[in-house]
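K.L.:
Could you have a look at this structure, given as structure tokens, before my questions?
In this note's numbering, the protein residues as written are 91 to 232.
So this is what it looks like as structure tokens:
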């Protein structure tokens, strides 16, 4: 007796195990090699735009105009460099750095880098309080 063999043809199959292995290794590689950026350690308390700050003698006022020129207590710096800014802040503040409040008055069109230089100088010199002056919002008409 002769049995007929049935030719059962199987279709091509896709083996997903190697694909999963490759994807897992890629994910592990990306997690391990990712560098995480460190947050800035300069703590800044920004004033509310609707409140006012009383000006006292314990403030160091730093103004920056639209061109990036620095003014410390309304006196213009001859050189608008970070080193000159840091030197002048140190000269004016002296040993009172921890008690003084640095108030930054920056024009709306001031380059961001000029403001960053002020923040960096304040941090390096040991000032603990740094605020930004804002304009009060105008009340909408009723």
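Beta carbons: idealized from backbone N, C-alpha and C, even for Gly.
Computed from a prediction, not measured in an experiment: that's the story for all the values here.
What number of angstroms, rounded off, separates the C-alpha of residue 133 from the C-alpha of residue 163?
P.N.:
Any reading at residue 133 needs caution, since the residue's pLDDT is 41, under 50, leaving its predicted position unreliable; the model's value is listed next. Near 23 Å, if we compare the C-alpha coordinates of residue 163 and residue 133.
K.L.:
Assuming the contact rule is C-beta atoms closer than 8 Å, residue 214 and residue 176 should be a hit. Round their C-beta distance to whole Å, please.
P.N.:
Rounded, the Cβ-Cβ distance is 7 Å, consistent with contact.
K.L.:
Please list the terminal residues of the continuous beta strand (DSSP E) segment that includes residue 151.
P.N.:
Taken as a continuous stretch (DSSP letters only), the beta strand (DSSP E) holding residue 151 covers 149–154.
K.L.:
Measuring straight from C-alpha to C-alpha, what distance separates residue 183 and residue 150?
P.N.:
In a straight line, the C-alpha of residue 183 is about 8 Å away from that of residue 150.
K.L.:
Report the three-state DSSP secondary structure of residue 180 (helix, strand or coil).
P.N.:
Looking at residue 180 - three-state DSSP - the assignment turns out to be helix.
K.L.:
What does a CB cutoff of less than 6 Å around residue 193 pick up in its chain, not counting 5 residues either side in sequence?
P.N.:
Correct list, in chain order: 149, 151, 221, 223.
K.L.:
Using the rule of at least 16 other Cβ atoms within 10 Å of the residue's Cβ for burial, across every protein chain shown, is residue 179 buried or exposed?
P.N.:
Its Cβ being crowded by 16 or more others within 10 Å, residue 179 is buried.
K.L.:
From the DSSP output, in three-state form, read off residue 166 for me.
P.N.:
In this structure, residue 166 counts as strand in the three-state DSSP scheme.
K.L.:
Can you find the residues in the same chain that come closer than 8 Å, C-beta to C-beta, to residue 200, ignoring five residues on each side of it along the sequence?
P.N.:
Answer for residue 200: 154, 155, 156, 158, listed in chain order.
K.L.:
If you reduce the DSSP assignment to three classes, tell me which class residue 220 lands in.
P.N.:
Strand at residue 220.
K.L.:
Thinking just about the alpha-carbon of each residue, which of 100, 99, 114 is nearest to the one in residue 106?
P.N.:
It is 114 whose Cα lies nearest to the Cα of residue 106.
K.L.:
Rounded to whole angstroms, what is the Cα-Cα separation between residue 212 and residue 205?
P.N.:
When rounded, the distance between both Cα atoms is 11 Å.
K.L.:
Indicate, with yes or no, if the ligand HEM has a heavy atom lying under 7 Å from the CB of residue 108.
P.N.:
Among the ligands in the structure shown, none appear at all, so the ligand HEM cannot be discussed.
K.L.:
What's the C-alpha gap between residue 121 and residue 110?
P.N.:
Answer to the nearest angstrom: the Cα atoms are 17 Å apart.
K.L.:
Is DSSP giving residue 198 helix, strand or coil here?
P.N.:
Coil, per DSSP.
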